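Asks:
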Amino acid sequence: MHKTSPHRNQRLADQIQRDLAELIPRELRSPSLGLITLQSIELTPDLAHAKVFFTVLGAEPAVALKALQDKAGYLHSLLFKRLHIHTVPTLHFHYDSSVEHGIEMSRLIDEAVDSDRKDESA
Numbered sequence: 099m100h101k102t103s104p105h106r107n108q109r110l111a112d113q114i115q116r117d118l119a120e121l122i123p124r125e126l127r128s129p130s131l132g133l134i135t136l137q138s139i140e141l142t143p144d145l146a147h148a149k150v151f152f153t154v155l156g157a158e159p160a161v162a163l164k165a166l167q168d169k170a171g172y173l174h175s176l177l178f179k180r181l182h183i184h185t186v187p188t189l190h191f192h193y194d195s196s197v198e199h200g201i202e203m204s205r206l207i208d209e210a211v212d213s214d215r216k217d218e219s220a
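Counted from 1, the sequence shown has number 162 at position 64 by my numbering; the numbering is strictly sequential.
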């Protein structure tokens, strides 16, 4: 069995991310989906599957996830036409809540700092 190099794997993941970032806004034109941003792509070593991590602004993550899952086969076929490789990975979309968690952590830190300042001035 032929193993792919990690560099090739990363280059392909980057290319898939660029192509999907172009295709998703063009193919999923619904205001109810908000702004979908691709965070990262993780490929399996055999390149058969791709985990596509995304965030969304201005819409419910569950709505965006369902729309992406519904269009996954179509997006896969469009990628196949663009990439010109033997195997285009099956797309599996996952909502990336790390940005949300980061914003919440930042808010909590700001609250703690404000609380400390109030305690010091009292």
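All residues carry an ideal CB built from backbone N, CA and C; glycine is no exception. No experiment lies behind these values; they were computed from the predicted model shown.
Enumerated in chain order, which unbroken segments of the alpha helix (DSSP H) with a length of 4 residues or greater are wholly contained in the region 177 to 217?
Replies: Runs of the alpha helix (DSSP H) inside the region 177 to 217: none found.
Asks: In angstroms with no decimal places, state the Cα-to-Cα distance between Thr142 and Thr185.
Replies: Residue mapping note: residue 142 aligns to position 44 of the sequence shown, counting from 1. Residue mapping note: residue 185 aligns to position 87 of the sequence shown, counting from 1. Between Thr142 and Thr185, the C-alpha separation is close to 12 Å.
Asks: Please name the residue in Ala119, Glu140 and Ser128 whose C-alpha comes closest to that of Arg106.
Replies: The count along the sequence shown starts at 1 and reaches residue 106 at position 8. Selected option, being the one with the closest Cα: Glu140.
Asks: Tell me, to the nearest whole angstrom, how far the beta carbon of Gln113 is from that of Leu181; I am working on the premise that it is less than 8 Å.
Replies: Counting from 1 along the sequence shown, the entry for residue 113 is found at position 15. Counting from 1 along the sequence shown, the entry for residue 181 is found at position 83. 7 Å between Cβ atoms; contact.
Asks: Is there contact between the region 207 to 218 and the region 151 to 161, where contact requires at least three CB pairs shorter than 8 Å?
Replies: No, the region 207 to 218 is not in contact with the region 151 to 161.
Asks: Roughly how many angstroms lie between the CA atoms of Ile122 and Ile207, to the nearest whole one?
Replies: If you number the sequence shown from 1, residue 122 lands on position 24. If you number the sequence shown from 1, residue 207 lands on position 109. Roughly 35 Å between the two C-alpha positions.
Asks: Out of curiosity, what's the CA-to-CA distance linking Arg127 and Glu202?
Replies: Here the question's residue 127 lines up with position 29 in the sequence shown. Here the question's residue 202 lines up with position 104 in the sequence shown. Near 30 Å, if we compare the C-alpha coordinates of Glu202 and Arg127.
Asks: Between which two residues does the beta strand (DSSP E) carrying Leu136 extend?
Replies: On the sequence shown, position 38 is the one that residue 136 refers to. Unbroken beta strand (DSSP E) run through Leu136: Leu133 to Leu141.
Asks: With DSSP collapsed to three states, give me the class of Leu155.
Replies: Taking the first residue of the sequence shown as 1, we reach residue 155 at position 57. Note: Leu155 maps to strand in three-state DSSP.
Asks: Under 8 Å by Cβ, that's how I've got Leu131 and Ala162 pegged, so tell me the actual separation to the nearest angstrom.
Replies: In the sequence shown, counting from the first residue as 1, residue 131 sits at position 33. In the sequence shown, counting from the first residue as 1, residue 162 sits at position 64. About 5 Å separates the two Cβ atoms, so the contact holds.
Asks: Ignore the nearest five residues each way along the sequence and tell me which others in Ser138's own chain have a CB closer than 6 Å to its CB.
Replies: Taking the first residue of the sequence shown as 1, we reach residue 138 at position 40. Excluding positions up to five away in sequence, the list reads Phe151.
Asks: Report the three-state DSSP secondary structure of Ala146 (helix, strand or coil).
Replies: Translated into positions along the sequence shown, residue 146 becomes position 48. In the structure shown, Ala146 sits in coil (DSSP, three-state: anything other than H, G, I, E or B).
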